[in-house]
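Numbering of the sequence shown is given in the numbering used here, commencing with residue 10 and proceeding in unit increments.
Built from N, CA and C at the ideal position, the CB exists for glycine as well.
Small disclaimer: the values here were computed from a predicted structure and weren't measured.
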Amino acid sequence: MRISGYRAMWIMAMFDLPTDTKQARKEYALFRKKLLEDGFYRMQYSIYLRPCASKENAEVHLRRLRAFLPPEGEVAVLSITDKQYERMEFMLGKLRECRPGMPNQLELF
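Set out below in structure tokens:
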């Protein structure tokens, strides 16, 4: 079954966290680890993406993200449809790795 590009969502987490102290670096590393554990992909150094099957599924992951926010710094989150993501233009000097696409099969929990 194909998921509608207007129903499927992407969550983009963009963050600027302090790394000036040992504790701040530890919190930065923990936040990044939690993003990866929750299925986010690194798009750029401080920009992570996660595909979601629906708006309701995206809300679940947004709640998780809010639960592990670090005490300092700034995190901005943008939710877009799969159709909007498809329209994103990537301008690369040298291709590092392929951008993530919507998974072929949904994960069941």
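Given a threshold of 16 other Cβ atoms within 10 Å of its Cβ, counted over all protein chains shown, does lysine 103 qualify as buried or as exposed? Numbered from 1 along the sequence shown, position 94 holds the residue referred to as residue 103. Classification of lysine 103: exposed, given that the 10 Å Cβ count is below 16.
Could you tell me which of Thr30, Met18 and Trp19 sits nearest to glycine 82, measuring between CA atoms? By 1-based counting over the sequence shown, the position of residue 82 is 73. Nearest option by C-alpha distance: Thr30.
List the residues that DSSP assigns as beta-bridge partners of glutamine 53. To locate residue 53, count along the sequence shown from 1; it is residue 44. DSSP, once it has assigned bridges, lists Ile56 as partnering glutamine 53.
Which ranges would you report for the alpha helix (DSSP H) in the region 59-90 if only whole runs of at least 4 residues count? Correct list: 64-76.
Going by beta-carbon coordinates alone, are alanine 85 and phenylalanine 40 separated by less than 9 Å? Position 76 of the sequence shown, counted from the first residue, corresponds to residue 85. Position 31 of the sequence shown, counted from the first residue, corresponds to residue 40. Not in contact: alanine 85 and phenylalanine 40 (Cβ atoms no closer than 9 Å).
Contact check, methionine 52 vs leucine 58, beta carbons under 9 Å: Here residue 52 is taken as the residue at index 43 of the sequence shown, counted from 1. Here residue 58 is taken as the residue at index 49 of the sequence shown, counted from 1. Methionine 52 places its beta carbon less than 9 Å from that of leucine 58.
I think proline 80 touches glutamate 46, with their Cβ atoms under 8 Å apart; what is that distance to the nearest whole Å? For the purposes of this step, residue 80 is identified with residue 71 of the sequence shown, where counting begins at 1. For the purposes of this step, residue 46 is identified with residue 37 of the sequence shown, where counting begins at 1. Their Cβ separation, rounded to whole angstroms, is 19 Å, which puts proline 80 and glutamate 46 out of contact at 8 Å.
In this structure, does DSSP put phenylalanine 40 in helix, strand or coil? Against the sequence shown, residue 40 aligns to sequence position 31. Reduced to three states, the DSSP call for phenylalanine 40 is helix.
Can you round the beta-carbon distance between alanine 17 and serine 63 to whole angstroms, since I take them to be within the 8 Å contact cut? By 1-based counting over the sequence shown, the position of residue 17 is 8. By 1-based counting over the sequence shown, the position of residue 63 is 54. Right, their Cβ atoms sit about 7 Å apart.
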